[in-house]
Amino acid sequence: MEMNNLIRSKASNKMDSHMLIELIFVCFFSFATLFLVRKAARQFQLVDRPNSRKLHSGNIPLAGGISICITLSYFIFANHLKIDNALVFLPLMVVLTLVGAVDDKYDLSVKFRLLIQCAVAVIMMYLTGNQLESLGNLFGFGPIDVSYASYVLTIVAVIASINAFNMVDGVDGLLGSLSIVTFFSILILALVNENHSIVLLSALTIAAIIPYLLMNLGFLGRERKVFMGDAGSMLIGFSVIWMLVSISQPSTTDILGSGVRPVTALWIIAIPLMDMAAIMIRRTKRGASPFEPDREHLHHIFQRLGFSPIQTTFSIFIISGLFAAIGVIADLYRVPDFIMFYSFIALFLGYYLLLSHIWKVSAYLREKFGIELKSENVLSIEPSKQGVEASEYEKKAS
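The numbering of the sequence shown is my numbering, which starts it at 1255 and goes up by one.
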């Protein structure tokens, strides 16, 4: 109860009427921009076409990411005096969005995309000093200061965040809803820790995403549907890691040791992070590229179990919200870092083991509960690549 009162007190002081009005205006601006970009995307053939992995119908404009970028660019520039290092964040965000848009159109190589992401991380560190300096007391033996390794770890963190949110974008509404969970969690933590810069930046980002989410889910009609595209997932992944590093490093804490602990970030982005890590491990074990696309992500698993796309999105949204809530509450109540870390590792191991046997598990659950696999949820699988479990699943699914 005391913690709730604290959050309400901070919210009432910072989220004043002027800011709320501005956020409403951001939503309307984002809506207008989305309609314009959607039309332009069709003209330039910047659309997502159905294939063996993408089971949607028709060519869908990849307008979400560009629209959000335009909206944020306008309002971040208008508020650049209130947002720390805004004039560094803004061009880096724009560059990543443009690279993502080009990738959406021409399918850039993985090496080139990683090179750009690495360069953005280096520029971020060089111009702002925004980098991982401490990992907190992860193992219970004292704080881990990474010293010179901070450069490498920050680059890895930037690349991991960008690609985690890119890989999770596979079902209508999923990337948008998980993004809102993440940015809302960051907003709460920044609010409690009085980081006004991140409060404003996270609130602006949420307001810019909401119109996209509504159109992506088809609330304005299926004919107005849009996708985020790599442009949007790169923008979101970079924005997430920028904010998390900004609120979790020693420069943002006071002498009493308050502030957001780095381990909290693992819980806030638990679903995208675990899904990416588990999939990349499985791909590497079977000799494939970690970045090779497939249909083994968490949302594909839900669809194998007979969930519709909207049911899949809602289920993963709830799970992600639960994990994020655990992280936020544990951080606010100062649960020791090592307990949060070991708990997350246990959670990931359980997730990985479940994923490793998901062919058998999903077939068993479908048989036990009489779940019929809808035709649009049947996956195109190459047993030679997926292994024996895939073949067994296909036999039971037929």
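Note that CB positions come from ideal geometry on N, CA and C, so glycine has one too.
Asked	Found
Residue closest to Ser1500, alpha-carbon to alpha-carbon, out of Ser1271, Tyr1605, Tyr1328, Ile1337	Ile1337
With 16 other Cβ atoms within 10 Å as the buried cut-off, status of Ile1463	buried
One or two residues paired with Ser1388 in a DSSP bridge	Asp1399
Collapsed DSSP secondary structure at Ile1509 in the structure displayed	Note on Ile1509: pLDDT 37, under 50, position unreliable in the model; no value is reported.
Terminal residues of the alpha helix (DSSP H) in which Phe1577 lies	1563-1586
Given 8 Å, three or more beta-carbon pairs between the region 1445-1464 and the region 1515-1524	no
Sub-9 Å separation of Gly1486 and Cys1323 beta-carbons	yes
Cys1281 to Ala1532 span [Cα, whole Å]	35 Å
Contacts around Val1425, its chain only, beta-carbon distance under 7 Å, and the 5 residues preceding and following it disregarded	His1553, Pro1563, Thr1566, Thr1567
Residues bridged to Ile1314 (per DSSP)	Asp1302
Proximity below 9 Å, CB of Val1349 to CB of Ile1370	yes
Nearest residue (CA-CA) to Leu1432, options Cys1372, Gly1319, Ser1574, Gly1491	Ser1574
Gln1299 classed as buried or exposed, judged by whether at least 16 other C-beta atoms fall within 10 angstroms	exposed
9 Å Cβ cutoff met for Ala1317 and Val1291	yes
Proximity winner among Asp1361, Leu1407, Phe1283, Ser1439, relative to Leu1576 (alpha-carbon distances)	Ser1439
For Pro1516, the nearest candidate out of Leu1527, Met1528, Gln1503 (CA to CA)	Gln1503
The region 1330-1346 / the region 1476-1486 touching (three or more Cβ pairs under 8 Å)	no
Whole-Å CB distance - Ile1398 paired with Leu1392, under 8 Å assumed	6 Å
Cut-off 6 Å between Cβ atoms - residues of its own chain near Arg1296, not counting five sequence neighbours on either side	Pro1315
Test item: CB-CB of Gly1483 and Gly1604 under 9 Å	no
Inter-residue CB distance, Asn1470 and Val1514 (contact presumed, cutoff 8 Å)	30 Å between Cβ atoms; not a contact.
Where the alpha helix (DSSP H) through Leu1445 begins and ends	1428-1446
Own chain residues within Cβ distance below 6 Å of Lys1650, not counting five before or after	Annotation note: pLDDT 37 at Lys1650 (below 50); position unreliable, coordinate value reported separately. For Lys1650, where only same-chain residues beyond five positions count, the Cβ hits under 6 Å are Ala1617.
Buried versus exposed, by CB contacts within 10 Å (16 or more), His1551	buried
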